[in-house]
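J.:
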Amino acid sequence: MDFQLSNSDTVKYCPSVAGIVDESTYIIGCYQLVDEGKQINLSHDQLIKINNRLGCLILIKSSKVIFEYDCLDGGVFDLAVVQTDDSTNDGNHQFWAAHSNGSVACYHITNGSIKFNKSIVSGSSMLCSLTILDDLIFVGDSESKVIAIQKDKIQINVSSFLDLKIPS
71 MDFQLSNSDT VKYCPSVAGI VDESTYIIGC YQLVDEGKQI NLSHDQLIKI
121 NNRLGCLILI KSSKVIFEYD CLDGGVFDLA VVQTDDSTND GNHQFWAAHS
171 NGSVACYHIT NGSIKFNKSI VSGSSMLCSL TILDDLIFVG DSESKVIAIQ
221 KDKIQINVSS FLDLKIPS
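Numbering (the numbering used here), first residue to last: 71 to 238.
(1) Note down, one range per segment and in chain order, each beta strand (DSSP E) of at least 3 residues found wholly within the segment 138-226.
(2) Among residues of its own chain, excluding the 5 on either side of T95, which ones have a beta-carbon nearer than 6 angstroms to its beta-carbon?
(3) Using 8 angstroms for Cβ pairs, my map puts S192 next to V174. What's the rounded Cβ distance?
(4) Under 6 angstroms Cβ to Cβ from R123, same chain only, skipping five residues before and after it: list those, please.
(5) Note down the Cα distance separating P85 from A150, rounded to an integer number of angstroms.
(6) Secondary structure at I97, three-state DSSP: helix, strand or coil?
(7) Leaving out the 5 sequence neighbours to the left and right, which residues in its chain are closer than 6 angstroms to V202 when beta-carbon positions are compared?
(8) Tell me the DSSP secondary structure of Q116 in three-state form.
(9) With 16 other CB atoms within 10 Å as the buried threshold, where does N121 fall?
(10) Can you give me the C-alpha to C-alpha distance between D141 and N162, rounded to a whole angstrom?
(11) Just the Cα atoms here: how many angstroms apart are V81 and D204?
(12) Less than 8 angstroms between C-beta atoms, sequence neighbours within five positions excluded: which residues of the same chain meet that for S238?
(13) Below 6 angstroms CB to CB, which residues in the same chain sit around G210 once its five sequence neighbours on both sides are set aside?
(14) Report all residues from its chain with a CB closer than 7 angstroms to the CB of G89; omit the five preceding and five following residues, and keep chain order.
(15) Going along the chain, which residues of its own chain have a beta-carbon closer than 8 angstroms to the beta-carbon of L206, five neighbours each way excluded?
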């Protein structure tokens, strides 16, 4: 099988993950480490909150950037698009992202834009991976822990966090 480069573009920050929304739409999660001395419009406390990593989500349709969203929870290290009852042909989709500040955030794609829904603080300092299996969201963190979050059709039961330590 031969492959060809179909499109190339430059984005705001370093791309770290991509997710397929539908046959012509995908989303890219990005992050950028903030170097000391770099001039940005964030306070020291805001930089600490996002673990010194800026983040954005880029929505691409038919090989064109159609929307960029700056993430309040910092860099995006992983994401997963999920099918919900709202994921019909009208263009409504839900996805979850693992952020550099330890938050798991839920977003919606509606009418060509990204809307923030909610954020769950995992208790970890940095999340690295995210997988959704049925009604569970599994996130891995920078301290070798796996955290399971149970969801019930977009509603989160925060008391159902499982904290699993992976042996070294």
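All residues carry an ideal CB built from backbone N, CA and C; glycine is no exception.
T.: The answer reads as follows:
(1) 146-152, 163-169, 173-180, 183-191, 197-203, 206-211, 215-222
(2) Position 25 of the sequence shown, counted from the start, is the residue given in the question as residue 95. K131, listed in sequence order.
(3) As a first step, residue 192 is located in the sequence shown; it is residue number 122 there, counting from the start. As a first step, residue 174 is located in the sequence shown; it is residue number 104 there, counting from the start. 6 angstroms between Cβ atoms; contact.
(4) On the sequence shown, residue 123 is found 53 positions in, with the first residue counted as 1. If we look at R123 and ignore the five residues flanking it on each side, its Cβ neighbours are Y101, L103, G144, G145, S170.
(5) Walking along the sequence shown from the start, residue 85 turns up at place 15. Walking along the sequence shown from the start, residue 150 turns up at place 80. So the two alpha carbons sit approximately 15 angstroms from each other.
(6) Walking along the sequence shown from the start, residue 97 turns up at place 27. Of the three classes helix, strand and coil, the one that applies to I97 here is strand, per DSSP.
(7) By 1-based counting over the sequence shown, the position of residue 202 is 132. Rather than Val, the amino acid found at residue 202 in this sequence is Ile. Cβ within range, chain order: A150, V152.
(8) Your numbering for residue 116 matches position 46 in the sequence shown. Helix, per DSSP.
(9) Residue mapping note: residue 121 aligns to position 51 of the sequence shown, counting from 1. Counting Cβ neighbours within 10 Å, N121 comes out buried, since at least 16 surround it.
(10) For the purposes of this step, residue 141 is taken as residue 71 along the sequence shown, with counting starting at 1. For the purposes of this step, residue 162 is taken as residue 92 along the sequence shown, with counting starting at 1. Checking the sequence shown, residue 141 turns out to be Cys, not Asp. Whole-angstrom Cα-Cα distance: 20 angstroms.
(11) Within the sequence shown, the letter at position 11 stands for residue 81. Within the sequence shown, the letter at position 134 stands for residue 204. For V81 and D204, the distance between alpha carbons rounds to 32 angstroms.
(12) Counted from its first residue, the sequence shown places residue 238 at position 168. For S238, the predicted structure reports a pLDDT of 46, less than 50, and the residue's modelled location is therefore unreliable. A value from the coordinates is still provided. S214.
(13) Counting from 1 along the sequence shown, the entry for residue 210 is found at position 140. Closer than 6 angstroms at the Cβ level, and outside the excluded window around G210, lie C198, S199, V216.
(14) Taking the sequence shown and counting its residues from 1, one reaches residue 89 at position 19. Result list for G89: Y96, I97, L149, A150, V151, F165, in chain order.
(15) The count along the sequence shown starts at 1 and reaches residue 206 at position 136. Contacts found: A218, I219, Q220, K221.
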